[in-house]
Amino acid sequence: MRFVADFIGALREAGLQVSPAESLDALKAIKLLGLESRETSKTVLALTLVKRQADQVMYEELFDLYFAGVEKAKASNKELNKESNKEADKSESESSESALDAKSNPSSSQADMSDGKGMQTSPRSLLGQALGENKDMSLAITQAAIDEKLSSIVLFTQKNHFAYKIMQRLGDEALSAEIRSQANSLEHKSSLEHKSSLEHKSSPEHKSSPEHKRKQRELVKARARLLDQVKDYVEQQYGIFAQHKGLKYREEYLQQAKLSQLDRLDYILMQRLVQRAARKLASQHSRKRLTRKRGQLDVRKTIAANAAFDGALFHTRWKATRIERPKIVAICDVSGSVSRVARFLLLFLYSMQDVMPKVRSFIFASEMIEVTELFKQQGIELALEEIMKRWGGLSTDYGKALAGFQSQALASIDKKTTVIMLGDARNNQGDGRTDIWEKVFRQSKRVLWLNPEQRNSWDNGDSIMSEYSPWCSSVEPCRNLKDIERIFSRLLKYS
Amino acid sequence: MFILELQISVIIKHQEKIASPEIIQSRYEDLGYICSHSVATAIYLACHLQKPILIEGPPGVGKTELAKVTATYLNAPLIRMQCYEGLDESKALYEWKYGKQLLYTQVLKEQLGDVLRGARGLDESIARLHDFGDIFYSQEFLEPRPLLQALQSADGAVLLIDEIDKADQEFEAFLLELLSDYQVSIPEIGTVKAVSTPIVMLTSNNTRELGDALKRRCLHLYIPFPDAALESRILATQVEGLDSQLREQIVALIGKLRDMPLKKSPAVSETIDWARALLLLNVEELDSHWVKETLNLLLKFQDDIELVEPEIKALLKGLR
């Protein structure tokens with residue numbers, strides 16, 4: 001039961017939402033079917049804990065990781081127990097032998113006696129003793145890890161730190177000190193021996209000194225083994241707790257990150273965020289639709305339907321309201337100055353096409369090009385790639401582009417249309433053709449201008465934002481995902 | 496204690512049937528429904544934990560069929576409710592029998608004279624009126640819809656709420672009380688508790704994300720497309736007299752089709768239809784001619800057919 005609870009903790013860290021009620025269900029289910037079969041327990045936990053298909057992959061990964069760890073620990077426990085039993089037998093016989101040796105050599109010198117005692121009996125430090133007896137350390141490691149709050153690990157750079165901390169808690173300090181002192185005394189003794197061997201040739205020291213060395217080497221080796229074990233454990237726990245936590249931090253950071261500072265990897269993550277935001281908007285959208293569904297009472301139909309009830313009005317009939325989804329025409333600047341942001345804006349628009357059926361997308365640098373069909377036909381990656389390759393990074397000409405827009409799309413803009421312009425209004429000193437933009441404004445329901453630059457850099461240099469802004473319902477800086485989400489949710493709410 | 500006994504009557508009656516997932520799996524097989532171990536485990540847990548199951552998966556993998564076979568297996572009536580946009584509680588839970596209510600008030604009007612005869616003063620009349628049982632809003636005038644039927648059936652029932660994702664979000668919220676406590680509130684009457692706990696199954700094709708509250712109350716079973724071995728067994732039971740070699744070929748080809756980027760991948764039900772058609776046409780071995788002729792049984796979009804047709808030879812080559 002204990003590790004089911006731990007496992008649930010790990011799932012939560014990885015971003016799955018597991019409620020206490022679901023945890024209880026899982027425990028009940030496990031009680032019914034047991035944990036013996038790995039396959040069964042995997043199914044059972046999936047049934048009770050994983051409610052989203054998207055989480056399935058994460059769950060399977062974690063389950064394998066976690067239960068591999070648990071099973072390994074069990075297996076090694078058993079083996080170690082067997083081995084340590086054997087070892088214990090051996091070491092007992094050994095120690096009795098050495099004791100006999102010691103007895104049979106009562107002639108050994110005083111100094112040697114004291115040294116010999118220190119080394120032949122088990123090491124003085126507790127950890128050393130434990131290692132000497134080949135005890136299973138995994139339980140102790142787990143305990144130490146809990147004391148050191150290993151589950152709070154976030155970054156891979158913390159791994160060594162935690163490994164060190166756990167070693168400390170296990171009593172590594174005493175052990176190292178002992179190893180050091182032994183090394184010292186060995187050196188000291190060997191020099192002594194060297195002298196003494198010059199004085200009397202045959203002495204029992206010859207025998208005991210390799211024995212001491214062996215013991216000391218063994219201790220060092222055992223410590224290295226322990227360190228490995230601790231590191232493995234930390235690694236495994238890091239896999240369970242931290243990898244996904246790191247992801248969470250990253251995503252939070254990304255929501256705030258400026259659009260232009262994203263590298264390629266972040267871009268993929270961003271894509272996921274955008275899709276999530278779009279889904280959020282979709283649910284909002286449908287809810288809004290529902291409150292509108294019931295319209296006015298249709299008196300004529302109601303009376304007709306209730307004629308059977310003596311004219312008393314039981315069944316009401318309603319005039320259904322036509323649902324008018326917002327028509328959106330989106331124009332996106334992909335010229336050199338905004339191309340990095342445009343990628344992202346296009347990405348968002350692409351996702352929005354799933355949400356709102358009537359989105360027409362245009363892009364421009366100097367020519368106005370409709371990309372609605374391209375978006376429909378191509379996958380998101382390919383479409384963006386193609387747009388950026390063919391039209392991205394060219395120099396801007398708002399005048400020419402707007403003229404193109406006039407001939408292509410102005411006729412289809414009516415009072416239900418929202419026009420969204422994504423651009424920085426940097427026109428290379430050319431004629432901005434604000435007259436066309438005025439027409440667009442007058443014909444449409446609303447014109448939104450989203451500018452990827454900060455407000456205070458508008459109208460600097462070749463930016464002619466203030467020439468367009470009279471013909472926009474609102475002009476907003478749009479610098480990160482939060483901005484976009486805010487803008488679009490408002491768009492859906494008031495449309 | 497009495498209530499408790501009543502509530503788990505479905506399980507007591509069929510205790511031996513649901514003793515373990517393995518038994519469920521093998522018995523379902525006898526009924527012609529081949530399921531994976533995880534499906535059987537889900538049924539087992541649903542019976543023992545008294546929890547609804549939310550079944551998700553691509554269309555045509557047997558989500559609805561699972562509910563049907565469960566009902567047959569447990570000898571319980573299957574009450575099915577198909578969800579759609581605009582479904583509300585008057586269609587799902589209950590409706591008043593307005594016509595009868597109206598008649599009742601008229602009968603009441605006639606009776607009123609008898610009831611009030613001899614009453615002195617207004618106070619006494621009203622007192623008598625109060626004594627007169629008011630049944631305008633009562634069980635008698637209640638027309639039970641699927642959900643209420645499921646709660647009222649004495650021997651338990653299998654309630655199938657089909658394609659819950661098609662219903663509105665409000666309706667989902669309305670189901671929560673039913674799913675967690677097996678009771679519903681009717682404002683005029685009060686709370687109606689289940690006579691015996693039904694086994695509830697919800698299916699979803701994932702056209703929209705369901706609410707977390709709903710998901711939390713259910714076991715979540717995802718049925719994917721079956722693997723080759725399972726599908727082959729399904730075919731063996733569903734289509735009698737199918738040559739085993741042809742069966743393997745069909746299954747392998749379907750598996751390959753599912754890996755292709757199709758608008759709609761062929762589901763199990765389509766595999767079965769196709770196999771039946773091939774049997775009917777006396778096809779002994781898959782060749783490109785027959786596949787081309789019958790492709791429209793498998794693929795329901797012209798785009799998909801156009802995508803697959805030129806590939807048929809290559810696909811078939813891999814089979815031998």
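Heads up: the sequence lines are chains A and B, in that order. FYI, in the working numbering the residues of the first sequence are 1 to 495. FYI, in the working numbering the residues of the second sequence are 496 to 815. Just so it is clear, CB atoms sit at the ideal spot from N, CA and C, and this is done for glycine as well.
| Asked | Found |
| --- | --- |
| Check whether the segment 532-551 of chain B touches the segment 622-638 of chain B, counting contact only when three or more Cβ pairs, one atom from each stretch, lie closer than 8 Å. | no |
| If we cut at 9 Å on Cβ distances, does A/Val50 have a partner in chain B? | yes |
| Let me know the secondary structure DSSP gives A/Cys472 once reduced to three states. | coil |
| Using a C-beta to C-beta distance shorter than 7 Å, which residues of chain B count as neighbours of A/Thr40? | Thr536 |
| Pull up the distance between the alpha-carbon of A/Ile380 and that of A/Lys400, whole angstroms please. | 28 Å |
| Which of the residues in the segment 15-26 of chain A, read from start to end, lie with their CB under 8 Å from any CB of chain B? | Gln17, Ser19, Ala21, Glu22 and Asp25 |
| Got a sec: which bits of the segment 683-710 of chain B sit with their beta carbon under 8 Å from any beta carbon on chain A, in order along the chain? | Asn701, Arg703, Glu704, Asp707 and Lys710 |
| Just to confirm, are B/Ile694 and B/Val556 a CB contact at a threshold of 9 Å? | no |
| For B/Glu765 and B/Leu793, I'd like the C-alpha separation in whole angstroms. | 6 Å |
| Check each residue of the segment 646-678 of chain B: if its Cβ is closer than 8 Å to any Cβ of chain A, include it; give the result in chain order. | Asp663, Gln664 and Glu665 |
| Comparing alpha-carbon positions, which option in A/Lys439, A/Phe441 and A/Met421 lies nearest A/Trp449? | A/Met421 |
| Of all the CB atoms in chain B, is at least one closer than 9 Å to the CB of A/Phe314? | yes |
| In its own chain, which residues sit with a C-beta less than 6 Å from the C-beta of A/Ser104, not counting the 5 before and 5 after it? | Per-residue confidence for A/Ser104 stands at a pLDDT of 40, beneath the threshold of 50, marking its modelled position as unreliable; no derived number is given. |
| Given a threshold of 16 other Cβ atoms within 10 Å of its Cβ, counted over all protein chains shown, does A/Asn451 qualify as buried or as exposed? | buried |
| Can you tell me where the beta strand (DSSP E) holding B/Gly581 begins and where it ends? | Counting along the chain, B/Gly581 falls outside any beta strand (DSSP E), and DSSP gives it neither H nor E. |
| Does the CB of B/Arg753 have a neighbour CB from chain A at under 9 Å? | no |
| Are any of the Cβ atoms in chain A nearer than 9 Å to that of B/Leu597? | yes |
| As an exercise, report each continuous alpha helix (DSSP H) stretch of at least 4 residues that is fully enclosed by the segment 532-618 of chain B, in chain order. | 532-544, 558-568, 584-587 and 593-611 |
| Let me know the secondary structure DSSP gives A/Met113 once reduced to three states. | Low per-residue confidence applies at A/Met113: pLDDT is 39, beneath 50, and the placement is therefore not dependable, though the value from the model is reported in the following sentence. DSSP places A/Met113 in helix when its eight states are reduced to three. |
| A/Arg426 by DSSP, collapsed to three states: which one? | strand |
| For A/Asn451, name the three-state secondary structure that DSSP assigns. | strand |
| Run down chain B in chain order and give the residues with a C-beta less than 9 Å from the C-beta of A/Lys301. | Under the 9 Å cutoff, chain B gives no residues; its nearest Cβ is about 16 Å from A/Lys301. |
| Excluding the 5 residues flanking A/Ser151 on each side, which residues of the same chain have their C-beta closer than 6 Å to its C-beta? | Phe241 |
| Is any beta-carbon of chain B found at less than 9 Å from that of A/Ser56? | Sequence inspection shows Gln at residue 56 of chain A; the Ser mentioned does not correspond to that position. A/Gln56 counts as touching chain B. |
| Is the CB of A/Leu62 under 9 Å away from at least one CB in chain B? | no |
| Near A/Phe405, what residues of its chain come up, given a Cβ to Cβ distance below 8 Å and the 5 sequence neighbours on each side ignored? | Ile331, Phe362, Phe364, Met368, Ile436 and Val440 |
| So for A/Phe364, helix, strand or coil by DSSP? | strand |
| Based on DSSP bridge pairs, tell me the residues matched to B/Ser699. | B/Glu551 |
| Does B/Phe720 have its Cβ less than 9 Å from a Cβ in chain A? | no |
| Which residues, in order along the segment 755-776 of chain B, keep a beta-carbon less than 9 Å from a beta-carbon of chain A? | none |
| Should the segment 559-579 of chain B be regarded as contacting the segment 677-689 of chain B, the criterion being three or more beta carbon pairs within less than 8 Å? | no |
| Taking CB distances under 9 Å as the criterion, tell me whether A/Leu33 reaches chain B. | yes |
| Count Cβ pairs between the segment 369-377 of chain A and the segment 411-428 of chain A that sit closer than 8 Å; are there 3 or more? | no |
| Determine whether the Cβ of B/Tyr717 lies closer than 9 Å to any Cβ atom of chain A. | yes |
| I need the DSSP call for B/Ile718, collapsed to helix, strand or coil. | coil |
| Compare the C-alpha of A/Lys165 against each of A/Val419, A/Arg442 and A/Gln143 and name the closest. | A/Gln143 |
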